[in-house]
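Asker: Encoded as structure tokens, here's the structure I'll be asking about.
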Amino acid sequence: MTIAIPTEILRRRAAAIGEKQRALSARIPWTLIVFLVMATVPWLGSRYDTFLASQIVIDALFAVSLNLLLGTTGLVSFGHVAYFGVGAYVCGILMKTYGVPFSLAFPAAGLGAALFALISGYFCVRLIKLYFAMLTLAFSQIIWAIAYKWNDVTGGDQGLPEIPYPHLHWILSIPGCGDLSIADRFYLLTLALVAVSLAIIHRIIRSPFGRVLTTIRDNPERAAFLGVNVRLYQLAAFVIAGGFAGLAGALYGLFSRGVFADYVFWSKSAEILIMTILGGIGYFWGPPVGAAALVWLNQVITDYTQYWSFVLGAILLALLFGCPGGIVGGLDLLWQRIKRLRHA
Amino acid sequence: MSSSFLFSQFMGGLTTAMFLFLIASGLSLVFGVMRVINFAHGSFYMFGAYLAWQAVQWLHPTGGGFWLATLFAAVCVGLLGAVTERVFFRSLYGREELYQLLFTYALVLILGDAAKLLWGTDQLSVSTPPALAGSIQIFGTTQPLYTLFIIAIGPAIAFALWLLLNRTGAGRMVRAAQMDREMLDALGANVALIYTAMFSVSAFLAGLSGALVTPIQSIVPGMDVLIIVQAFIVVVIGGMGSLWGTFWGSVIYGQVLSFGILIFPGFSLFSVFALMAVILIVRPWGLFGRPL
Chain L
1 MTIAIPTEIL RRRAAAIGEK QRALSARIPW TLIVFLVMAT VPWLGSRYDT
51 FLASQIVIDA LFAVSLNLLL GTTGLVSFGH VAYFGVGAYV CGILMKTYGV
101 PFSLAFPAAG LGAALFALIS GYFCVRLIKL YFAMLTLAFS QIIWAIAYKW
151 NDVTGGDQGL PEIPYPHLHW ILSIPGCGDL SIADRFYLLT LALVAVSLAI
201 IHRIIRSPFG RVLTTIRDNP ERAAFLGVNV RLYQLAAFVI AGGFAGLAGA
251 LYGLFSRGVF ADYVFWSKSA EILIMTILGG IGYFWGPPVG AAALVWLNQV
301 ITDYTQYWSF VLGAILLALL FGCPGGIVGG LDLLWQRIKR LRHA
Chain A
1 MSSSFLFSQF MGGLTTAMFL FLIASGLSLV FGVMRVINFA HGSFYMFGAY
51 LAWQAVQWLH PTGGGFWLAT LFAAVCVGLL GAVTERVFFR SLYGREELYQ
101 LLFTYALVLI LGDAAKLLWG TDQLSVSTPP ALAGSIQIFG TTQPLYTLFI
151 IAIGPAIAFA LWLLLNRTGA GRMVRAAQMD REMLDALGAN VALIYTAMFS
201 VSAFLAGLSG ALVTPIQSIV PGMDVLIIVQ AFIVVVIGGM GSLWGTFWGS
251 VIYGQVLSFG ILIFPGFSLF SVFALMAVIL IVRPWGLFGR PL
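Protein chains in written order, with the working numbering: chain L, 1 to 344; chain A, 1 to 292.
Given below as structure tokens:
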């Protein structure tokens, strides 16, 4: 029914997920620790570190939203950047052209992207396999064509530069935050919003609804046989993923101080797919790890050479032929092996 | 709106169409036999263009030698395709489609930067071969001979491919591989060789179209990712894996693009993407294709 996903990885993971996950996370609250460490960046790191951290956090949300389709539901979307772009443009246009405050423009971006995901998803989920991937690609190119050509609204090929930052003066009144720059304040807000979004997505995946999505991924025929409306569930996942991608887009537009048609070009969808797979699609924390790895690598490598695409392609080749489970998948495999050695 | 204006729009659309057909035919061929969407097809096209430019520089720096350069570029890209299939693609056939898609995308990234490394980022151009440099008057419009040549070569390639697939022993093997690879394998046919050959022919066509486009368009980095989406649209409209579907798909694409400008000025791109979306929604397997 759906495009074939590396199911052997996902199944192996699903078998082991239960008690191990609970036992580990019950002892050490890893998620909280990572969040707190990330929150210290404006104080301990340089301005440049804050810049990188912002990018990682936003990409992490984008990649996790894609993985809700890819890893959880088993849908290969080749046009996920469309919803990211719709979110970025909705937020950018509302804030720049109409002077709407961020607190309204941000949820509006998520709703706008979700609405577009509802419309395009209604058609996409009726198709299977490669055709689903192609139609998502087609919709993303429609968004690109609109962004590129509709000068009056989107700014056309000039884009929408200089979107006003939200001032966030209230953060200054928090003790210890008095001397934070506007970029630092926006980073902290981004981190908080992304953390909340990730928590919500996590809850969705672990809910009965999320379990049904996983069943659909593994065996859509059986799911349909059990009385599940497969298309409706796929559409719901598509809309949720689109909405969160829109939120990531809104944050990205503000972070990079502008929204441009380039953001929506189809190759960006491929980049976010690479990010997700690099981290590992069988794991909730795979995509954020992939985002961190790719953003960091990009910075390191572009210092030495301008041929970043070449390196990215080589990484992708190594991943496809050497380690299809991604970074987290590879570490998991290593960990299992060590455990087995210890028991033996 | 005068009739000569409409005629020149029509001819413009037809030129676009036949160019796209040259590119998309190879994409459709590979999809039909291997069920793989090859994103790197655009990169093969770009390499064809760069190699043709390079060969022209070697042969006659002042211009000329175009036909030899075109042949050279197409053959080189055909070989590149064969090597790619043998070395990498082979081990991905049993794997999920996602991995195959991403593999071809990895090639796009690598070949794109390789072209920048080899030929730099400046715009390059090749002059029109002298024999076709002129133009003639038709219905009060001026038509360059070179575009008429392109319009003629599209159907010629289509016919040649049709002959190859339907009237030769090799073509029969290809059609059999398309229907049931395992059965053909069990019957003792060399399916691996058929796949390599098909991939190579497809790359050859991409290289050929890349070389032929050089007198009309300048060669720039990024031409690979721009063309591949257009070629996809053509293949999707016509029906993936169907030769005549791809042909008529390109004709429709060209005309929609050409006349779309009249209906939505500045939005012609939008009209072709919308056309693709509508066709995928109504008839996902395309106008001439069969359901997967």
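Cβ atoms here follow ideal geometry from the backbone N, Cα and C, with glycine treated the same way.
Treat the numbers as computed from the prediction; the structure is a model and nothing was measured.
1. Between L280(A) and L135(L), how many whole angstroms is the CB-CB distance? I'm expecting something under 8 Å.
2. Spell out a yes or no on whether the stretch 99 to 113 of chain L and the stretch 240 to 257 of chain L are touching, meaning 3 or more CB-CB pairs, one atom from each, closer than 8 Å.
3. How about F232(A) and A145(L): are their beta carbons less than 8 Å apart?
4. Along the chain, where does the beta strand (DSSP E) that runs through I110(A) open and close?
5. Quick check on the DSSP output: what are the complete alpha helix (DSSP H) runs of length 4 or more inside the stretch 184 to 221 of chain L, in order along the chain?
6. Determine the DSSP secondary structure at Q137(A), reduced to helix, strand or coil.
7. Which runs of the alpha helix (DSSP H), 4 residues or longer, sit entirely within the stretch 33 to 82 of chain L?
8. Can you tell me which of the three DSSP states T168(A) falls into?
9. For the pair the stretch 61 to 77 of chain L and the stretch 217 to 226 of chain L, tell me if three or more CB-CB distances fall below 8 Å.
10. According to DSSP, is I150(A) helix, strand or coil?
11. Along the chain, where does the alpha helix (DSSP H) containing T276(L) start, and where does it finish?
12. Using a Cβ-Cβ cut-off of less than 7 Å, give me the residues of the stretch 236 to 261 of chain A that come near chain L, in sequence order.
13. To the nearest angstrom, report how far apart T2(L) and A224(L) are at their CA atoms.
14. Roughly how many whole angstroms lie between the Cα atoms of G286(A) and S120(L)?
15. Could you check the C-alpha separation between T313(A) and S127(A) for me, to the nearest Å?
16. In chain order, what residues of the stretch 164 to 184 of chain A put their CB closer than 9 Å to some CB of chain L?
17. From C323(L), L70(L), L68(L) and L118(L), pick the residue whose C-alpha is nearest to that of V86(L); which is it?
18. What span of residues does the alpha helix (DSSP H) with T214(A) cover, start to end?
19. Does any residue of chain L have a CB that is nearer than 8 Å to the CB of W119(A)?
20. Return the residues of the stretch 60 to 76 of chain L that lie within a Cβ-Cβ distance of less than 9 Å from chain A, sorted by chain order.
21. On a Cα-Cα basis, can you pick out the residue from L213(L), V37(L) and M95(L) that is closest to Y233(L)?
22. Could you pull out every residue in the same chain whose Cβ sits closer than 8 Å to the Cβ of F165(A), ignoring the five residues on either side in sequence?
23. Identify the contact partners of L68(A) in chain L, using a Cβ-Cβ distance below 8 Å as the criterion.
24. Answer with yes or no whether the minimum CB distance from D122(A) to chain L is below 8 Å.
25. Let me check understanding here. Comparing Cα to Cα, which of V264(L), H167(L), I58(L) and L52(L) lies closest to G156(L)?
26. Nearest-angstrom Cα distance between Y146(A) and L132(A)?
27. Return the residues of the stretch 77 to 99 of chain A that lie within a Cβ-Cβ distance of less than 9 Å from chain L, sorted by chain order.
28. DSSP three-state call for V234(A): helix, strand or coil?
29. Just grab the DSSP bridge partners of L124(A) for me.
30. So which residues on chain A does P220(L) lean against when the C-beta distance must stay under 7 Å?
31. Have a look at V278(A) and D332(L) and give me their C-alpha separation to the nearest angstrom.
32. Can you list, in chain order, the residues of its chain whose CB lies under 6 Å from that of P288(L), leaving out five sequence neighbours each side?
33. Which residues, in chain order, does the stretch 18 to 30 of chain A contribute to contact with chain L at a C-beta distance below 7 Å?
34. If you count every other CB in all the chains shown that lies within 10 Å of the CB of S258(A), and 16 or more means buried, which is it?
35. Identify the contact partners of L187(A) in chain L, using a Cβ-Cβ distance below 9 Å as the criterion.
36. Can you tell me the Cβ-Cβ gap for F255(L) and I58(L), rounded? I've got them flagged as a contact below 8 Å.
Answerer: Quick look at the numbers:
1. 5 Å
2. yes
3. no
4. Counting along the chain, I110(A) falls outside any beta strand (DSSP E), though it belongs to the alpha helix (DSSP H) covering E97 to W119.
5. 208 to 218
6. strand
7. 41 to 44 and 47 to 67
8. coil
9. yes
10. helix
11. W266 to G279
12. V236
13. Residue placement at T2(L) is flagged as unreliable, the pLDDT there being 44, under the threshold of 50; a coordinate-derived value is accordingly withheld.
14. 18 Å
15. Residue 313(A) lies beyond the range of chain A shown here (1 to 292); nothing can be said about it.
16. none
17. L118(L)
18. No alpha helix (DSSP H) contains T214(A), which DSSP labels as neither H nor E.
19. no
20. L70 and V76
21. L213(L)
22. Sequence check: residue 165(A) is Leu here, not Phe. Excluding sequence neighbours, L165(A) sits near G171, V174, R175 and L243.
23. Simply none; closest approach about 31 Å.
24. no
25. V264(L)
26. 5 Å
27. F88, S91, L92, R95, E96, E97, L98 and Y99
28. helix
29. I219(A)
30. Neighbours of P220(L) on chain A: none; closest Cβ ~15 Å, over 7 Å.
31. 44 Å
32. A60
33. none
34. buried
35. The contacting residues do not exist; L187(A) stays about 27 Å from chain L at best.
36. 6 Å
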